[in-house]
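K.L.:
Mind the numbering: the sequence shown is residues 6 to 174 in my numbering, read in order.
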Amino acid sequence: MNNRILVIYATRYGATEGIATAIAEGLQKQNHDVDVRNVKDVFDIAGYSAVIIGSPIYYGKVLPELVAFVSLHKNMLHEIPVVGFLSGYSLLDISPEKKQAASAAFDQVREHIEIRDIGYFAGKISEEQLSFKDKAVMKLTGTKPGDYRNREAAIIWAQGLIDLCLLQL
6 MNNRILVIYA TRYGATEGIA TAIAEGLQKQ NHDVDVRNVK DVFDIAGYSA
56 VIIGSPIYYG KVLPELVAFV SLHKNMLHEI PVVGFLSGYS LLDISPEKKQ
106 AASAAFDQVR EHIEIRDIGY FAGKISEEQL SFKDKAVMKL TGTKPGDYRN
156 REAAIIWAQG LIDLCLLQL
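(1) Mind checking H78: buried by the 16 CB within 10 Å criterion, or exposed?
(2) What does I2 pair with, by DSSP beta-bridge criteria?
(3) Report back the beta-carbon spacing between L97 and Y18 to the nearest angstrom; my notes put them in contact at under 8 Å.
(4) By how many angstroms is the C-alpha of Y64 removed from the C-alpha of V142?
(5) Three-state secondary structure (DSSP) at P150?
(6) Looking at F74: is its Cβ nearer than 8 Å to the Cβ of V47?
(7) Skipping 5 residues on each side, what residues in its chain have a beta carbon closer than 8 Å to that of Y94?
(8) Just the C-alpha distance for K140 and I62, rounded to the nearest angstrom, thanks.
(9) Thinking C-alpha only, which one of G59, I58, E70, E84 is nearest G52?
(10) List, from N- to C-terminal side, the alpha helix (DSSP H) runs of 4 residues or more that fit wholly inside the segment 54–118.
(11) Output the distance between the C-alpha atoms of I110 and I161, rounded to the nearest integer angstrom.
(12) Roughly how many angstroms separate the alpha carbons of R9 and T21, rounded to a whole number?
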């Protein structure tokens, strides 16, 4: 059976791409053929045995382009395992309550497909890239700029997906 895995990410400022590539690295360490693509650059998922979808959390939701992608490809996504990952500052200190709240960011996606598991990863905030609105929210919430991504955690999480048979390849 084909063991090609597609890791698709949505991103507003580029930080989620780094998490996606770390996830791909974890899967490649287990001898899987992995492609990493921005959701805006994926037009076909034929030939993949599993898909991992990810997005930062903005205002409690995943980015709309990820929801649109899932809606468009839901028939094919029903045929293969789909796993998700989320990134964001709110995931810096992840508690069970924060996981539950963050998981709700995928609710619009779950209207179309089943997600077998979700990985939760702190993100990166670079103030100079932010929109005026995002800068204002950052100030109001006391968010501190910085790169909080943990590459090793993403690699280990990805390897666990195979070990737990969440991606049955």
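C-beta atoms are modelled at their ideal positions from N, C-alpha and C, and glycine is treated no differently.
P.N.:
Let me spell this out:
(1) Residue numbering aside, residue 78 sits at position 73 when the sequence shown is read from its first letter. Flag for H78 reads buried.
(2) An answer regarding residue 2 cannot be provided, because it is not within the stretch 6 to 174 covered by the chain.
(3) Within the sequence shown, the letter at position 92 stands for residue 97. Within the sequence shown, the letter at position 13 stands for residue 18. Going by Cβ atoms, the distance from L97 to Y18 rounds to 16 Å, so no, they are not a contact pair.
(4) Position 137 of the sequence shown, counting from 1, holds the residue named residue 142. Position 59 of the sequence shown, counting from 1, holds the residue named residue 64. If I take the Cα positions, the gap works out to 10 Å.
(5) Start at 1 with the first residue of the sequence shown, and residue 150 comes out as number 145. Three-state DSSP puts P150 in coil, outside helix and strand.
(6) For this step, residue 74 is matched to residue 69 along the sequence shown. For this step, residue 47 is matched to residue 42 along the sequence shown. In this structure, V47 lies closer than 8 Å to F74 by Cβ.
(7) The sequence position of residue 94 within the sequence shown is 89, counting from 1. Hits under 8 Å: A127, G128, I130, T148, Y153.
(8) Locating residue 140 in the sequence shown gives position 135, where the first residue counts as 1. Locating residue 62 in the sequence shown gives position 57, where the first residue counts as 1. Straight-line Cα distance between these residues: approximately 15 Å.
(9) Within the sequence shown, numbered from 1, the residue matching residue 52 stands at position 47. Answer by Cα proximity: E84.
(10) 69–82, 101–108, 112–115
(11) Position 105 of the sequence shown holds residue 110. Position 156 of the sequence shown holds residue 161. One detail in the question is off: residue 110 reads as Ala in this sequence, not Ile. In a straight line, the C-alpha of A110 is about 23 Å away from that of I161.
(12) The count along the sequence shown starts at 1 and reaches residue 9 at position 4. The count along the sequence shown starts at 1 and reaches residue 21 at position 16. Approximately 21 Å between the Cα atoms of the pair.
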